[in-house]
Amino acid sequence: MENKSKYISLKAILIIMTIGIWVVVLQNAGIIPTKQNVYVKGGYIDAAVSGSVDVSGSVSIDNEVDVNIEAINGHHNAFYDHRYDGVYDRLPVYTGN
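Each residue of the sequence shown is one higher than the last, beginning at 1 in our numbering.
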């Protein structure tokens with residue numbers, strides 16, 4: 001009787017381990033989705049971001065950023081009326097030529 005109990009316990013442990021290993025394999029393969037919220041405090045991270053991002057606080061950029069003036073203004077000039085009150089600000093444009 002004691003032998004049968006050890007056999008059932010061993011079998012249960014092996015089944016649980018097998019299921020756990022397969023869950024990890026399927027997560028790494030991307031079949032089971034995983035989502036993690038990550039908080040970075042006082043450090044730097046390299047990230048490729050697409051889409052839109054809401055940012056609070058200050059942001060520094062160490063590289064070149066491409067800005068499409070036409071997409072901002074909706075027309076082909078370098079002036080921007082951000083308050084829609086007829087007061088235009090000049091957006092500096094550098095064409096690289």
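Each residue gets a CB set at the ideal place from its N, CA and C atoms; glycine is no exception.
Separation of residue j from residue i, as counted between CA atoms
i: P33; j: S5; result: 37 angstroms
i: K35; j: I15; result: 26 angstroms
i: G86; j: S58; result: 29 angstroms
i: I21; j: S9; result: 18 angstroms
i: D54; j: G30; result: 27 angstroms
i: S50; j: T18; result: 37 angstroms
i: N3; j: A12; result: 14 angstroms
i: D62; j: D46; result: 12 angstroms
i: G42; j: Y7; result: 52 angstroms
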